[in-house]
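Here is the structure we will look at, set down as structure tokens.
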Amino acid sequence: MKFVFLSLAIGVFSIAAFAQETSTPPPRVYPVALPNYDEETATRLQIFLDNCDFGPGKIDGKMGEFFRKALISYKHAQAMPKTGAVDQWMLDQVPVTYTTYTIRDEDLKMV
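Counted from 1, the sequence shown has number 118 at position 103 by the numbering used here; the numbering is strictly sequential.
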């Protein structure tokens with residue numbers, strides 16, 4: 016009887032150990048925070064987060080409490096590390112919202 020119980024216990028522990036080993040996901044490479052970004056970049060990020068329903072608070076191009084919380088929430092929703100830092104991955108998420116255009120004389124005739 017002791018042998019049966021011992022065999023059963025060893026089997027259960029070996030299955031548990033095997034399940035634990037196979038369920039570990041591979042390590043992810045996370046982006047590095049950018050030390051410097053300008054006010055225009057921060058404004059673009061704030062508009063992007065607001066359009067995605069992650070309210071960054073007042074759109075002023077400055078890092079504040081709500082902007083940081085919006086960054087954390089957006090990154091969490093995208094399965095990224097929950098940091099309030101601006102990094103290249105975050106900047107790559109923002110589409111280009113405007114372009115440079117030179118007003119021509121023909122354009123002024125339409126006004």
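Every residue, glycine too, gets a C-beta built ideally from N, C-alpha and C. All values reported here derive from a predicted model rather than from experimental measurement.
Exercise for the section: Using alpha carbons as the reference points, say which of TYR89, THR115 and MET125 lies closest to TRP104. Expected result: Reading the sequence shown from its first residue, position 89 is the one you call residue 104. Taking only the C-alpha atoms, the option nearest TRP104 is TYR89.
Practice task
Pick helix, strand or coil for ASP102, following the three-state DSSP scheme.
Solution key: Residue mapping note: residue 102 aligns to position 87 of the sequence shown, counting from 1. The answer is strand: DSSP assigns ASP102 an E or B state.
Exercise for the section: Kindly give me the distance between the Cβ atoms of GLY72 and PHE81, rounded to whole angstroms, as I take these residues to be in contact under 8 Å. Expected result: Sequence index remark: in the sequence shown, residue 72 carries index 57 (1-based). Sequence index remark: in the sequence shown, residue 81 carries index 66 (1-based). Rounded to whole angstroms, the Cβ separation of GLY72 and PHE81 is 3 Å, and the two are in contact under 8 Å.
Problem - Exposure of VAL101, with buried meaning 16 or more beta-carbon neighbours within 10 Å - result: Indexing the sequence shown from 1 puts residue 101 at position 86. Under this definition VAL101 is a buried residue.
Practice task
Give me the Cα-Cα distance between LYS124 and THR114, rounded to the nearest whole angstrom.
Solution key: Counting from 1 along the sequence shown, the entry for residue 124 is found at position 109. Counting from 1 along the sequence shown, the entry for residue 114 is found at position 99. One C-alpha to the other measures close to 22 Å.
Exercise for the section: Using only alpha-carbon positions, find the residue among GLU54, TYR52, LYS97 and LEU60 that is nearest to VAL109. Expected result: Here residue 109 refers to the residue found at position 94 when the sequence shown is read from its first residue. Of GLU54, TYR52, LYS97 and LEU60, the residue nearest in Cα terms is LEU60.
Handout entry: Burial state of ALA92, where buried means 16 or more other Cβ atoms lie within 10 Å
Key = One-based indexing of the sequence shown puts residue 92 at position 77. Exposed, because fewer than 16 other Cβ atoms sit within 10 Å of the Cβ of ALA92.
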